[in-house]
Amino acid sequence: MELYVTEISKYVIALFMFLYTLEGFLTFRFTTEKKRRGLYIRQIICMFAVQLSCFIQIIARTGKPVYLFFFIFQIIIFASVLMLFYAIYPDGNRLIINNSCMLLVISMIILSRLSYDKAVKQFFIVTASFLIGFFIPEIIFRFDFIKKFTWVYAAAGAAAIGAVLLHGAVTNGSKITYTIAGITFQPSEAVKVLFLFFMAGALCEAKDIRRLFIVSVVAAIHVIILVLSRDLGSALIFFVIYLTLVYISTEKLQYLFTGLFFGAIASIFAYRHFYHIRVRVRAFLDPFTDIAASGYQVSQSLFGISSGGWFGLGLYGGSPRSIPFVEQDFIFSAIAEEMGVVFSVLMALVCVSTFLMIMREGYYIRDRYYRLIVCGIGVAYIFQTFLTIGGGAKFIPLTGVTLPLVSYGGTSVFVTIVMMMVVEGICMIRTDERFKAMERRRQQSGAKES
Amino acid sequence: MEQKKVKRKIRSYPIVVLSVFFAGLFGVMLIYISYYSYAHRQVLMNNSYNTRQQILVKQNSRGTIYSRDGDVLAYSQVDESGAETRVYPYGREFAHVVGYSTHGRAGIEYMANYYLINTSIDLSDKVALDTKGVKYPGDNCTSTLDVALQEVAFNALSARKGAVVVSDPTTGEILAMVSKPDFEPSSISAEWDSLLQDKSPDAKLLNRATQGLYPPGSTFKIVTALAYIKDHPSDYDNYRFTCSGRFTIDDESISCFHGETHGSEDFTSSFANSCNSSFANIGTGISRKVFKTTLDQLLFGKDLPLDMLYSKSRAAIDESTSVGDVMQLSIGQGATAMTPMHLNMITCAIANKGVLMKPYLIQQIKSADGRVIKSYSPEVCRHLMTQEQAATLTGMMEAVVEQGTASRLKGLSYTCAGKTGSAEFNSSSSDSHAWFTGFAPADDPKICVTIIVENAGSGGSFAVPIAKRIFDAYFGAE
Chain G
17 MELYVTEISK YVIALFMFLY TLEGFLTFRF TTEKKRRGLY IRQIICMFAV
67 QLSCFIQIIA RTGKPVYLFF FIFQIIIFAS VLMLFYAIYP DGNRLIINNS
117 CMLLVISMII LSRLSYDKAV KQFFIVTASF LIGFFIPEII FRFDFIKKFT
167 WVYAAAGAAA IGAVLLHGAV TNGSKITYTI AGITFQPSEA VKVLFLFFMA
217 GALCEAKDIR RLFIVSVVAA IHVIILVLSR DLGSALIFFV IYLTLVYIST
267 EKLQYLFTGL FFGAIASIFA YRHFYHIRVR VRAFLDPFTD IAASGYQVSQ
317 SLFGISSGGW FGLGLYGGSP RSIPFVEQDF IFSAIAEEMG VVFSVLMALV
367 CVSTFLMIMR EGYYIRDRYY RLIVCGIGVA YIFQTFLTIG GGAKFIPLTG
417 VTLPLVSYGG TSVFVTIVMM MVVEGICMIR TDERFKAMER RRQQSGAKES
Chain U
80 MEQKKVKRKI RSYPIVVLSV FFAGLFGVML IYISYYSYAH RQVLMNNSYN
130 TRQQILVKQN SRGTIYSRDG DVLAYSQVDE SGAETRVYPY GREFAHVVGY
180 STHGRAGIEY MANYYLINTS IDLSDKVALD TKGVKYPGDN CTSTLDVALQ
230 EVAFNALSAR KGAVVVSDPT TGEILAMVSK PDFEPSSISA EWDSLLQDKS
280 PDAKLLNRAT QGLYPPGSTF KIVTALAYIK DHPSDYDNYR FTCSGRFTID
330 DESISCFHGE THGSEDFTSS FANSCNSSFA NIGTGISRKV FKTTLDQLLF
380 GKDLPLDMLY SKSRAAIDES TSVGDVMQLS IGQGATAMTP MHLNMITCAI
430 ANKGVLMKPY LIQQIKSADG RVIKSYSPEV CRHLMTQEQA ATLTGMMEAV
480 VEQGTASRLK GLSYTCAGKT GSAEFNSSSS DSHAWFTGFA PADDPKICVT
530 IIVENAGSGG SFAVPIAKRI FDAYFGAE
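As given, the protein sequences belong to chains G and U, one line each in that order. Under the working numbering, the first residue of the first sequence is numbered 17, with each subsequent residue one higher. Under the working numbering, the first residue of the second sequence is numbered 80, with each subsequent residue one higher.
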């Protein structure tokens, strides 16, 4: 009986995930949220179907009623987030909030399976993040004086990551965390948001090449501090944010290529001078020769991804715990192993649809400042997703960043929820812009008539 | 009208470019992940650092290995407590080729491991077994091995060290593979430590057929002859040589086996008599470039198309090779070394009109309830020589049987073609390994045999009789 449940639910999960992803991409056919409503509702049904089948699997395998309560709490929280959001912000973008919840649902499922304690902890952080996050769209919408603190953001950000470099604890070979009152923070995640606001403000002001140069220097300081902290993944993300925002703001491809050129030179320099970078590259090129040491993580991750097959071994069917740091850096491999390659590819496509929706919002908004922030968030989000999935699958060298919303890690999930809420706030500004434009047109035509 | 125009204007090219770029990047990455994880699943599962094997071993009982006719070569016995014992009904006979699955893996147990530990039975059967508390049966593997031929080869080699490879040149199926000394696979666990500590030259765990590197001796004259034909395509038939038992250039000399003198010879009789002097002369007459390309084409120093563990053969020539070394190379001595399996593959290609079929040991994988999971079929591997060259070499190898060193195969109910070898492995003595490689029937080859008997003497006296017993068994002659 248990076997029937676990075997059949594997396919049910993949099917609902497929439908969910499909509905997500179908939203791009319509221009207004009103027309997408049906798709969104079907998405939510699929989301809870995936959650339900996974928890049936978990309960069938473990036989522990505690998971049932945990599951009920999750349904209550996610259902209230979705309903409250729709009630408070009817002008927000529902694909982004749906996708965020879907990824969090997956996160809670796989974390429950990997470590119940970590899952509960993460669940509390997610709940708290939403409580705080719900104010953010309103703040973004109401107060446009946030535009004025450009250089404060830069100073605060650089100071925070600089302080980590100086005093931070050494974890996993990278100095990236603070511990205050027993709670560990990862400032580079939070500074990412400050950096985005700084870049957007500075680039809006930068009218000439001299100002652009100053912006570049400040960005370079951020990146260099992160490289010195050995936080390669964050350094790369900051660099990509910088490049793409300069490109979007100036619309000049030559700036993008100049930046990439300097980036390439810096990478070669770093490769020559930092031993730990050479180790990562070697482990990427051939993880199996030195499998006992440098290649261990990547090869275990690859074992995980490939052992699941298309539909996975079922929750508790594999051994994802043999992958080091599986909850943070290799969550994708754990998902692929137990829920299948098909499911994990669909999950990555959900991330892509989130990204495309964010970029679409950035495309249609007229205000340059908000456009830069929205696009910056979109690129930062998708690039980080790319780094962690690609790193664990031996597509690119491993950089050790989290999969946004899915990986275990309080700072990461909080910051990502904040960023998504910023996007929602900016969506409201765009709706407002359109409304005002319609109003203006009506007034003009009204004036002509009279 | 105007509104439509405004709508069509692209508002921001960078956003479009970035969206398309990242979406494309993800597309490529996700296809890569799907492809990589599927294509490499067996290699990854077999990696000794992959602990997931243990899950399968705990869940499924290891599948059975069958011969081509359905005889059981290896199976798992499960006792009441669920503990598995691997049983090998034929014992030592199939020791190397079927291999073992404890203390690492070898042979078919290694090659088919992924399937043997996985199960493909229906869900309803699994549920039924679950309620009984029995492990699921793993998938079964049908090999290409022929019990009768293996038995003959095993007995023919008797107490000698050496190896025998028997294959079908038209398909690449390996019909028998024997290597001696051997071990008792059922008790390998108990004997493991003593097998590892054994420092004698026995090397019982080494599969000499695929991993043993031997000087090929005169069997290598097949290669030298092919290089000469390539270098002198129109006039190799005009070759003449007078053998006085010894051939000398610049103080370097080569003698014929056991000091024989062969007198006046042409190309074919030099080959049939296995005349070292003449072949040293032939070798020095080949352009080194052609010789080198021939070696490359025949996969010397290269990866072989084999799924099992094997050693790479060694044979090399370039502009800096000394004349003495070229003469040694031409008769398969000196630094030259090859595995019996590699020689068998070259012989197969000659028998199969120049085309090498990929050698294979596994025919089919079936689930315990008889569903075919995977079938292996003959596969063209590569062209080692032209059809004309293969025909010429076949003719020469027939001459070896008709008038040369393998005359014990003359006048049988089937026609044979082959080449003997007596390879000296110790420069200070005249002891030699006995070689034979050949096929039958010469005009329509069905079976290809390669034999080495270590330290036995001449190939004609010690290897050819083994070949005859195998051919007799195959063609049903007495």
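Note that the Cβ used here is the ideal one computed from N, Cα and C, for glycine as well.
Boundaries of the beta strand (DSSP E) in which residue i is found, first to last residue
| i | result |
| --- | --- |
| U:L152 | 151–157 |
| U:I441 | 441–445 |
| U:G241 | 241–246 |
| U:L254 | 253–259 |
| U:C460 | 459–462 |
DSSP-derived helix/strand/coil call for residue i
| i | result |
| --- | --- |
| U:N63 | With chain U covering only 80 through 557, there is no way to say anything about residue 63 of chain U. |
| U:H341 | coil |
| U:W514 | strand |
| G:S349 | helix |
| U:M417 | strand |
| U:Q82 | Its pLDDT being 49, under 50, U:Q82 is placed unreliably by the model, and nothing is read from it. |
| G:A171 | helix |
| U:S565 | For residue 565 of chain U there is no data in the structure shown, the boundaries of chain U being 80 and 557. |
| G:F201 | strand |
| U:A519 | strand |
| G:R298 | helix |
| G:T468 | Any answer about residue 468 of chain G is impossible in this case: the structure gives chain G only from 17 up to 466. |
| G:E377 | helix |
| G:E221 | helix |
| G:Y385 | helix |
Residues that residue i contacts on chain B, provided the C-beta gap is smaller than 9 Å
| i | result |
| --- | --- |
| U:T198 | Absent here is chain B; the protein component of the structure consists of chains G and U. |
Closest Cα partner of residue i within the set the options
| i | options | result |
| --- | --- | --- |
| U:G362 | U:K300, U:P312, U:Q156 | U:K300 |
| U:H421 | U:L292, U:G324, U:S492, U:H337 | U:L292 |
| G:Q67 | G:F254, G:S25, G:L38, G:C391 | G:S25 |
| U:A552 | U:D201, U:E172, U:E230, U:S356 | U:E230 |
| G:I75 | G:R294, G:I405, G:V21 | G:V21 |
| G:A352 | G:L119, G:G320, G:R376 | G:G320 |
| U:A521 | U:E477, U:N129, U:G403, U:S237 | U:E477 |
| G:L252 | G:L269, G:S283, G:Q460 | G:S283 |
| U:L285 | U:D201, U:S349, U:V176 | U:V176 |
| U:T130 | G:I445, G:F159, G:V358, G:G333 | G:G333 |
Straight-line Cα distance separating residue j from residue i
| i | j | result |
| --- | --- | --- |
| G:P203 | G:I393 | 17 Å |
| U:F541 | U:M256 | 18 Å |
| G:Y291 | G:I240 | 17 Å |
| G:A179 | G:R53 | 47 Å |
| U:K259 | U:R239 | 7 Å |
| U:G497 | U:I545 | 13 Å |
| U:G324 | G:A309 | 60 Å |
| U:N125 | U:R184 | 10 Å |
| U:G433 | U:Y117 | 34 Å |
| U:S454 | U:S446 | 12 Å |
| U:I410 | U:S456 | 36 Å |
| G:L19 | U:T198 | 15 Å |
| U:L123 | G:V209 | 40 Å |
| G:L147 | G:F211 | 24 Å |
| U:L383 | U:K391 | 7 Å |
| G:L130 | G:D247 | 26 Å |
| G:R457 | G:S145 | 40 Å |
| G:V390 | U:I134 | 46 Å |
| U:K83 | G:I93 | Interpretation of U:K83 is limited by its pLDDT of 48, a score under 50 that renders its predicted location unreliable; no figure is taken from the coordinates. |
| G:L372 | G:I381 | 14 Å |
| U:L305 | U:L152 | 39 Å |
Residue range of the alpha helix (DSSP H) that includes residue i
| i | result |
| --- | --- |
| U:L435 | From DSSP, U:L435 is part of no alpha helix (DSSP H) but of the beta strand (DSSP E) over 434–436. |
| G:R110 | 110–130 |
| G:T266 | 248–266 |
Next on the checklist: Across the segment 134–154 of chain G and the segment 447–465 of chain G, are there enough close Cβ pairs to call them in contact, namely three or more that are closer than 8 Å?
Outcome noted: no
Next on the checklist: Assess contact between the segment 155–167 of chain U and the segment 253–273 of chain U, defined as three or more Cβ pairs (one per stretch) separated by less than 8 Å. Is contact present?
Outcome noted: yes
Item checked: Stretch pair the segment 308–323 of chain U + the segment 487–502 of chain U: three plus CB contacts closer than 8 Å -> no
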